[in-house]
Structures are given as structure tokens and as C-alpha cells.
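Note that the numbering used here numbers the sequence shown so that position 62 is 62, with each residue one more than the last. Input: a single structure, listed below in C-alpha cells.
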Amino acid sequence: MNNYITLDGKRYHTTKKSWTPEVVTPMQSKDYLNGDLNATFGATSLLMWEGDIIAPSTAPVLFGGIQDIDKTLAKRETVSFTDHHGTTYPNVHLIGPFPKHSLFPNWDADGNPIYVSVKIKAKYG
């Protein structure tokens, strides 16, 4: 198991939150006035990861920084993703918004870890 993920060719550390994917089945349901329920399920399922990526203001060697993650999030297209287990998903979608927070008052401080919240979705199977 790696202690990082790879997103759009750059490595990033993540927070302690589990990055185990959830399997999500697209569905639509309707509740009728007589109490009946009508549910329609999609033909496939999705994998979804959610958590914070750590993108420092000054990136260490071999890792991405805040400028890199900002560039990736601004693409608005599919990117590649490799999870902590080394499994690669070539076409994932990054779902916003992407709020950021910092533990340092000076966001530009050398090496300041900036946390970027992100949701990642991929087709399952």
C-alpha cells in the first residue's frame, strides 16, 4: 500500500480519512400518493472516493503542490487516478466544489500544507 495517491500524474498525500471507494448505483425513485414506490436503477455502478488531498504551497520532490492541484481541478475533464493500493483508473471525474483550508495563517508560507477537499468518481467495472 502506498502512503499517497496519484492524480493527473502527480503524487499527493491525503488525510487520515479512509480512501476506500464507495460503490454507488445511479437510481431514481418516485413515491406515489397511494404509497407505491417506483425505482429505476442505472445499468452500471460508480466508484466514489471523498476526502482531503494535501497540496503544500511548496511541493516536495516527486509530489504535487497547490499550483498543480489547482491546474488539475481547473481542467474540467477526466484525469487519471491511482489509489493507495496502486489500482489505476484512467478516466475519473473530479466533482466540486473544492474548498481549501490551511492550518497556517500565512497561506504562502514555505511548505504550508493546504488541504483541498475533493470527490472522485469513476465507472465501476
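The beta carbon of each residue, even a glycine, is placed where N, CA and C say it ideally should be.
Short Cβ contact (8 Å threshold) for Ile5 with His93: Position 5 of the sequence shown, counted from the first residue, corresponds to residue 5. Position 93 of the sequence shown, counted from the first residue, corresponds to residue 93. No, the Cβ-Cβ distance between Ile5 and His93 is not below 8 Å.
May I ask you to report which of helix, strand or coil DSSP gives Leu62? To locate residue 62, count along the sequence shown from 1; it is residue 62. Residue state, collapsed to three classes: coil.
Quick one: what's got a C-beta closer than 7 Å to Ala59's C-beta in the same chain, skipping five residues either side? What you label residue 59 is simply residue 59 of the sequence shown in a count that begins at 1. The answer, listed in chain order, is Gly65, Asp68.
Quick one: residues in its chain with C-beta nearer than 6 Å to the C-beta of Gly35, no 5 flanking neighbours on either side, listed in chain order? The residue labelled residue 35 in the question sits at position 35 within the sequence shown. Counting only Cβ-Cβ distances below 6 Å, and skipping sequence neighbours, we find nothing.
Identify, in the order they occur along the chain, each residue of the same chain with its Cβ nearer than 8 Å to the Cβ of Leu33, setting aside the five sequence neighbours on each side. Start at 1 with the first residue of the sequence shown, and residue 33 comes out as number 33. If we look at Leu33 and ignore the five residues flanking it on each side, it has no Cβ neighbours.
Which residues in the same chain as Leu46 place their Cβ atom closer than 6 Å to its Cβ, once the five residues preceding and following it in sequence are excluded? Taking the sequence shown and counting its residues from 1, one reaches residue 46 at position 46. Within the same chain, Leu46 has close Cβ partners Val24, Lys121, Tyr124.
Starting from Leu37, follow the beta strand (DSSP E) in both directions and report where the run begins and ends. Taking the sequence shown and counting its residues from 1, the one referred to as residue 37 is at position 37. Segment 37-41, the beta strand (DSSP E) holding Leu37.
Can you check DSSP and say which residues form a bridge with Asp52? Position 52 of the sequence shown, counted from the start, is the residue given in the question as residue 52. Its beta-bridge partners are Ser117.
Between which two residues does the beta strand (DSSP E) harbouring Val90 extend? Your numbering for residue 90 matches position 90 in the sequence shown. The residue asked about is misnamed: residue 90 is Pro in this sequence, not Val. Taken as a continuous stretch (DSSP letters only), the beta strand (DSSP E) holding Pro90 covers 88-95.
Out of Thr20, Thr72, Asn106, which one is the CA nearest neighbour of Trp49? To locate residue 49, count along the sequence shown from 1; it is residue 49. The option with the nearest alpha carbon to Trp49 is Thr20.
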